[in-house]
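The numbering of the sequence shown is the numbering used here, which starts it at 283 and goes up by one.
The C-beta atom is built at its ideal place from N, Cα and C for all residues, glycine as well.
Working notes for the structure below.
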Amino acid sequence: MHWPRKGRTDVQIYQPRAGELVSHRQRHGRHVKNVLKKLAVQEAGFVQLHDRALGCLRGQENAQLGLQSQLLMQTSLAALQGLESRSKKAHIEFKAAWGDLLRVKMAVYLTDEPLALIATCRELVTTCAHQIFPDLVSCDVISGCDYHPDEVKL
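The following block contains the structure:
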């Protein structure tokens, strides 16, 4: 940066700090861009998993409705028990195939990914805090501002 008509002392004092602030803002911009990319990838994966789950659910629903429509055509107790058996078997297969799979795959989007994102953000705040304000140890003192508390007092 260049300050015309400023004294040499002013430039020596303010120029390094202005450079630090510009560097911090650029790092913050890169971080936001990376987070948005990760969120887009997560959202695409979640939507794909959601669509697969809905398709499977609709398939199971159609199978059950098909069995239900056959109820009126059955003339004996044995035929009704056969339909009940097929219905229970289809439900057990559906539950076994998709119940655990959805819980495991959804857990990634419900717990693992958000925790990784929080850790990344916390790491950025800690890194920037130590680089910009090496004498401060608490992130609470500087959260939401670019300036050291002593700079604000001046």
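Report the residue ranges of all alpha helix (DSSP H) runs contained in full by the segment 354 to 407; include only those spanning at least 4 residues, in chain order. Look at the segment 354 to 407 and you find these whole runs of alpha helix (DSSP H), each 4 residues long or longer: 359 to 376 and 382 to 389.
Run through DSSP, which three-state label would glutamine 342 get? For the purposes of this step, residue 342 is identified with residue 60 of the sequence shown, where counting begins at 1. DSSP places glutamine 342 within a helical segment (H, G or I) once states are collapsed to three.
Is it buried or exposed, cysteine 410, if we count other Cβ atoms within 10 angstroms and call 16 or more buried? In the sequence shown, the residue the question calls residue 410 occupies position 128. With 16 or more other Cβ atoms within 10 Å, it is buried.
Own chain residues within Cβ distance below 7 angstroms of glutamate 343, not counting five before or after: Translated into positions along the sequence shown, residue 343 becomes position 61. Cβ neighbours of glutamate 343 beyond the five flanking positions: none.
Which of helix, strand or coil does DSSP assign to glutamine 350? Reading the sequence shown from its first residue, position 68 is the one you call residue 350. Helix at glutamine 350.
Using the Cα positions of cysteine 403 and phenylalanine 376, report the straight-line distance between them to the nearest angstrom. Numbered from 1 along the sequence shown, position 121 holds the residue referred to as residue 403. Numbered from 1 along the sequence shown, position 94 holds the residue referred to as residue 376. About 39 angstroms.
Please name the residue, chosen from Phe328, Ala322 and Val317, that lies closest to leucine 392 on a Cα-to-Cα basis. By one-based count along the sequence shown, residue 392 stands at place 110. The shortest C-alpha separation from leucine 392 is found at Phe328.
What distance in whole Å lies between the Cβ atoms of leucine 365 and leucine 349, which are believed to be in contact at a cut-off of 8 angstroms? Numbered from its first residue, the sequence shown carries residue 349 at position 67. Numbered from its first residue, the sequence shown carries residue 365 at position 83. Contact holds; Cβ gap of about 6 angstroms.
My assumption, with CB atoms under 8 angstroms, is that histidine 306 sits in contact with leucine 406. Please give the rounded CB distance. By 1-based counting over the sequence shown, the position of residue 306 is 24. By 1-based counting over the sequence shown, the position of residue 406 is 124. Actually they do not touch by this definition, with Cβ atoms about 10 angstroms apart.
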